[in-house]
Amino acid sequence: RLVTRAAAVLRRQQTFTFTMAAAVSTADAAGGGGCSSELSRVARFIASDDCQNICILSGAGVSVAAGIPDFRSPGGMYDTLKPELITATPRQRSLMATDPTYVVEYDMFMENAYPYLEVRRPFILGTAKQQWKATISHHFFDLLHEQGKLTRLYTQNIDGLDFQTHIPRDKIVPVHGSIGAVACEACNHPMDTGAFCELVQSNIKDIYRKDAEAPSESSPILCEKCGKPTVKPTTVLFGAGLPEVFFDSMVEDLPTCDLLIVAGTSLVVSPANMVAYKVPSTTMRLVANREPVGQELGITYGTEGGRDVFAEGDCDECFAQLAQELGLMGKLMERYDLLPEASQLLLDRLDGNGGGGNEGGVAADVD
């Protein structure tokens, strides 16, 4: 078995070197450099038979076009938090005033669920009503699944937008949990999401004062099994462990990963960022982000024919360009009505520039 495995690794290394060299030669012939030539390299690799197992690590950047509020940016949840409006003790309010992340801290929640539920109320209800829609990035990942290339999507986002696609749930690992599923934090007993949202609507006050039908005071939402007031979306709280499926999936997926796509993440959050450096040395890595990230994790940019490719810009734009290279723009256009406005405007612009076709690219190889 050891000899067989060693031979397989050698074949992977030889295949990787050949495929990457061919991709670089093609890019150089096209003029080299820039986002387009780099994506051409990746597209040709995806289209080849050598790329069968794609893993994705996604972050907040893939959801930007959806218009979801950013918790950490100026004007976001943490920046505008008003502890005096939250149902809490003076000590708890003092902690939140000192550090707003106490709102999503495990010990705080187990003491008092109201800060989490009151602050997250509009996000919980908005997600249930699909107020925010999956972006081009999400749907591009879905197209990789349709092509039979996607092994696993590791998402650091809690917004649940990945579940609006046709990617099977067992292929999606919400590393930090998801707002789209509900369970008791104390006993892990699940609760129907629709029923939970109805209780959030009727039991949890609106500290933002935008819902005239919200109650003036909050009342508990009790677990159907243990009776404790600790029911919440399955987002991972600070101080709590990550789901075991994350670690189990890494062990299963990463040794055979041919291409790792790192999308819209700073790669500073551990242990999620382990995905970036746990793949084999033969794995091509595409980083789609506004700035280079992960250098301290061993990602190296700018090496001709190297394994690491940087696509600079917004995720939607990068993956729309990659869809063009793969001849998949038509399939994206079929999902036009499912997209948020920002994603639609981007497709309009690309389609107006003649970007809806195959570009003479590699669609035949993909299909």
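The sequence shown runs 98 to 464 under this note's numbering. Virtual Cβ for every residue (Gly too), placed ideally from N, Cα, C.
8 Å Cβ cutoff met for residue i and residue j
{"i": "Ala-360", "j": "Cys-412", "result": "yes"}
{"i": "Leu-443", "j": "Ala-420", "result": "no"}
{"i": "Trp-229", "j": "Ala-163", "result": "yes"}
{"i": "Tyr-211", "j": "Ser-313", "result": "no"}
{"i": "Val-390", "j": "Ser-363", "result": "yes"}
{"i": "Asp-289", "j": "His-263", "result": "no"}
{"i": "Ile-233", "j": "Leu-436", "result": "yes"}
{"i": "Phe-293", "j": "Gly-277", "result": "no"}
{"i": "Val-279", "j": "Lys-329", "result": "yes"}
{"i": "Ala-231", "j": "Leu-192", "result": "no"}
{"i": "Glu-422", "j": "Leu-222", "result": "no"}
Same chain only: Cβ atoms within 7 Å of residue i, ignoring 5 sequence neighbours per side
{"i": "Asn-465", "result": "Residue 465 is absent from the structure shown; the chain starts at 98 and stops at 464."}
{"i": "Gly-395", "result": "Tyr-374"}
{"i": "Val-333", "result": "His-273, Gly-274, Leu-339"}
{"i": "Ala-311", "result": "Lys-302, Asp-303"}
Chain-order list of residues whose beta-carbon lies under 8 Å from that of residue i (same chain, five-residue window excluded)
{"i": "Ser-265", "result": "Looking at the sequence itself, residue 265 is Pro, so the reference to Ser does not match. So the list reads His-242, once near-sequence residues are dropped."}
{"i": "Lys-268", "result": "His-242, Leu-247, Thr-248, Arg-249, Leu-250"}
{"i": "Lys-307", "result": "Pro-219"}
{"i": "Phe-206", "result": "Pro-212, Tyr-213, Glu-282, Thr-327, Lys-329, Leu-334"}
{"i": "Met-371", "result": "Met-347"}
Sequence-distant residues of its chain with Cβ nearer than 6 Å to residue i (five each side left out)
{"i": "Arg-190", "result": "Pro-180"}
{"i": "Ala-283", "result": "Cys-323, Lys-325, Thr-327"}
{"i": "Phe-74", "result": "A question about residue 74 goes unanswered here, because the residues of the chain that appear run from 98 up to 464."}
{"i": "Ala-127", "result": "The pLDDT assigned to Ala-127 is 35, lower than 50, so where the model puts this residue is not dependable; a value taken from the coordinates is nonetheless given after this. These residues qualify, in order along the chain: Ser-134."}
Buried or exposed by the 16-neighbour rule on C-beta atoms within 10 Å, applied to residue i
{"i": "Arg-446", "result": "exposed"}
{"i": "Asn-285", "result": "exposed"}
{"i": "Ala-194", "result": "exposed"}
{"i": "Thr-380", "result": "buried"}
{"i": "Gly-156", "result": "buried"}
{"i": "Gly-427", "result": "exposed"}
{"i": "Val-470", "result": "This structure cannot settle anything about residue 470, because the visible part of the chain is limited to 98 through 464."}
{"i": "Ala-309", "result": "exposed"}
{"i": "Arg-253", "result": "The residue you asked about is not Arg; residue 253 is Gln in the sequence shown. Buried."}
{"i": "Arg-188", "result": "exposed"}
Nearest neighbour of residue i, chosen from the options [CA to CA]
{"i": "Pro-271", "options": "Phe-344, Ala-439, Pro-187", "result": "Phe-344"}
{"i": "Glu-215", "options": "Gly-427, Gly-424, Pro-317, Gly-245", "result": "Pro-317"}
{"i": "Thr-186", "options": "Thr-379, Thr-195, Glu-208", "result": "Glu-208"}
{"i": "Ser-160", "options": "Gly-424, Glu-422, Glu-414, Met-426", "result": "Glu-414"}
{"i": "Pro-377", "options": "Arg-404, Cys-281, Gly-245, Met-426", "result": "Arg-404"}
{"i": "Gln-298", "options": "Thr-224, Asp-196, Leu-425", "result": "Thr-224"}
{"i": "Gly-424", "options": "Asp-448, Glu-438, Cys-281", "result": "Asp-448"}
{"i": "Gly-158", "options": "Phe-335, Ile-255, Leu-296, Gln-441", "result": "Ile-255"}
{"i": "Pro-287", "options": "Leu-296, Gln-392, Thr-331", "result": "Thr-331"}
{"i": "Ser-440", "options": "Thr-400, Gln-392, Phe-237", "result": "Phe-237"}
{"i": "Gly-245", "options": "Ala-144, Glu-393, Thr-400", "result": "Ala-144"}
Check: residue i C-beta below 7 Å from any heavy atom of the ligand NAP
{"i": "Ala-337", "result": "Among the components of this structure there are no ligands whatsoever, and the ligand NAP is therefore not found."}
Just checking, does the region 171-185 make contact with the region 377-392 on the three C-beta pairs under 8 Å criterion?
no
Does the region 190-204 come into contact with the region 142-160, if we say contact requires no fewer than three beta-carbon pairs (one atom in each stretch) closer than 8 Å?
no
Can we say the region 344-353 touches the region 320-333, given the rule of at least three CB pairs closer than 8 Å?
no
Does the count of Cβ pairs from the region 299-308 and the region 332-341 closer than 8 Å reach three?
no
Assess contact between the region 427-442 and the region 244-259, defined as three or more Cβ pairs (one per stretch) separated by less than 8 Å. Is contact present?
no
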